[in-house]
Amino acid sequence: MMHKIVLMPIGLCRFAGKSIVAASANVHSSNQKNIAHTKMTSVCRSFFSSSASSSLATQHARAALWCRHAPTQQQSRSFAVSTKDVFWNGARRSLDPTAPSIVPRKPTTPSQRHTKLIDKSLLWKKGPVPSLTVGLRKSGGRNNQGVITVRHRGGGSKRKLRIIDFKRVQPNNAEIVKATVERIEFDPNRSALIALLKHKASEGVTTPSASPLSYIICPRGITIGSELQASRKQGVDVRIGNSMQLRFIPVGTTVHNIELAPGRGAQMCRSAGTSAQLLEVDETTGKCLLRLQSKEQRYVLASCMATIGEVSNPEHKNQVLGKAGRARWMGRPPAVLGVAI
Numbered sequence: 001m002m003h004k005i006v007l008m009p010i011g012l013c014r015f016a017g018k019s020i021v022a023a024s025a026n027v028h029s030s031n032q033k034n035i036a037h038t039k040m041t042s043v044c045r046s047f048f049s050s051s052a053s054s055s056l057a058t059q060h061a062r063a064a065l066w067c068r069h070a071p072t073q074q075q076s077r078s079f080a081v082s083t084k085d086v087f088w089n090g091a092r093r094s095l096d097p098t099a100p101s102i103v104p105r106k107p108t109t110p111s112q113r114h115t116k117l118i119d120k121s122l123l124w125k126k127g128p129v130p131s132l133t134v135g136l137r138k139s140g141g142r143n144n145q146g147v148i149t150v151r152h153r154g155g156g157s158k159r160k161l162r163i164i165d166f167k168r169v170q171p172n173n174a175e176i177v178k179a180t181v182e183r184i185e186f187d188p189n190r191s192a193l194i195a196l197l198k199h200k201a202s203e204g205v206t207t208p209s210a211s212p213l214s215y216i217i218c219p220r221g222i223t224i225g226s227e228l229q230a231s232r233k234q235g236v237d238v239r240i241g242n243s244m245q246l247r248f249i250p251v252g253t254t255v256h257n258i259e260l261a262p263g264r265g266a267q268m269c270r271s272a273g274t275s276a277q278l279l280e281v282d283e284t285t286g287k288c289l290l291r292l293q294s295k296e297q298r299y300v301l302a303s304c305m306a307t308i309g310e311v312s313n314p315e316h317k318n319q320v321l322g323k324a325g326r327a328r329w330m331g332r333p334p335a336v337l338g339v340a341i
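For the sequence shown, position 33 (counting from the first letter as 1) is numbered 33 according to the numbering used here, and the numbering increases by one without interruption.
Structure below.
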């Protein structure tokens, strides 16, 4: 009996009626390899299930079906750990842009040996939105008379102040404001990351120019393209990034961007990695009890707004500048003269 030889892409096939060997390259996990092998074997068996008298068009159709199920080179490589996901010392890189990892530098110089900064490779690499930025003039720690009132301030690189929307909803707006996360950016004026939201044309925003774009303090765990909601008059879904009054938030939820007075905007838990836990909601007094990360407990009006989740960039506190020059770039001159050390 003459065997038919059928050429099939990517996989390794033997003569019809015999076993089929399908090997996926760069598959390191045994479980994933077994799943891929089982799937390809079942498809290949259906390909060879017909009799030897099947038409050539039928064989081509089944070959096309096999090609659709066969793993591509990109899918095969997805099982393996990319070299871009690992630091030079073997540590895994965080793939969450809202919680970047600390990047250790190679010890090529004395300053590089101790420098550890956050990974900005997953953040927006271009500039901010021009309509949401204003010029920032430095005071150098001096008042209107030129007298130094705050020491150890001065110099540093030029910055643009990003206009942050701390209210999310106007006090007189009773609707649910919906927006989509466009991108996540680094802000040199604060420790937390910021997120750019794109509002619908009919949604009211709190920016002075009524722009469909606005910046907010980026919560940890949101993704680009996710939809966020905010409302002052009713409750919304208890999801990360959504904002509502404290009376609508379940007890035990972690919140940030907390108002201290209704309509004034967020004033508490705005720095990197900070949050508070809602312990109690008392409708008789109209107050809520919050526990801060310092274990301090304080009452806030239940009509104040808060955002679900915690602030992004939790590894900010673990950064090491590595040299005095980087502190000067940030506008922090030395507190002690060099001759006194």
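Even glycine gets a Cβ: it sits at the ideal position worked out from N, Cα and C.
Notebook entry, point to check: Hey, out of Ile148, Asn143, Ala335, Arg159, whose CA is closest to Ile136's CA?
Noted result: For the record, residue 136 in the displayed sequence is Leu; it is not Ile. Nearest option by C-alpha distance: Arg159.
* **Inter-stretch contact (C-beta, 8 angstroms, three-pair minimum) for the segment 152-167 and the segment 316-329** => yes
Original post:
Would you say Ser275 and Val311 are within 8 angstroms of each other, going by their C-beta atoms?
Top reply: Taking a C-beta distance under 8 angstroms as the contact criterion, Ser275 and Val311 qualify as a contact pair.
Discussion item. Tell me the rounded alpha-carbon separation between Thr133 and Thr98.
Written reply: One C-alpha to the other measures close to 22 angstroms.
Next on the checklist: To the nearest angstrom, how far is the alpha carbon of Arg162 from that of Leu197?
Outcome noted: 13 angstroms
Kindly list the residues whose CB is nearer than 7 angstroms to the CB of Pro104, restricted to its own chain and excluding five residues on each side of it in sequence; keep chain order. Phe87, Asn89, Lys116
Suppose the cutoff is 6 angstroms on Cβ atoms and the five residues either side in sequence are ignored; what does the same chain contact list for Gly322 look like? Ser111, His114, Thr115
| Nearest to Leu260 by CA position, among Ala302, Ser139, Val150, is which residue? | Ala302
### Message
For the beta strand (DSSP E) containing Gln229, name the first residue and the last one.
### Response
Run containing Gln229: 227-230, per the beta strand (DSSP E) assignment.
Which residues mark the beginning and the end of the alpha helix (DSSP H) in which Val112 is found? Inspection of the sequence shows that residue 112 is occupied by Gln rather than by Val. Unbroken alpha helix (DSSP H) run through Gln112: 110-114.
Is the beta carbon of Ser226 closer than 8 angstroms to that of Met244?
no
Next item on the list: With a threshold of 7 angstroms, establish whether the CB of Met330 neighbours any heavy atom of the ligand NAD.
Entry: Looking at this structure, you won't find the ligand NAD or any other ligand, since it has none at all.
Checklist entry - Can Ile216 and Ile164 be called in contact, C-beta distance under 8 angstroms? => result yes
Closest to Gly127 by CA distance: which of Glu185, Arg142, Val300, Arg151 is it? Glu185
| Using a Cβ-Cβ cut-off of 7 angstroms (strictly less than) and excluding sequence neighbours within five positions of Gly221, which residues of its own chain qualify? | Thr98, Ile240, Gly309
**Request:** Could you pull the start and end residues of the beta strand (DSSP E) that Ala306 belongs to?
**Result:** 305-308
Cβ distance (whole Å) where Thr313 is taken to contact Ala195 below 8 angstroms: For the sequence presented, residue 313 should be read as Asn rather than Thr. No, Asn313 and Ala195 are not in contact; Cβ-Cβ is about 12 angstroms, not under 8 angstroms.
| Between which two residues does the beta strand (DSSP E) containing Arg291 stretch? | 287-292
*By Cβ distance below 6 angstroms, which residues in the same chain neighbour Ala306 in space, the five residues on each side in sequence not counted?*
Leu246, Val255, Ile258
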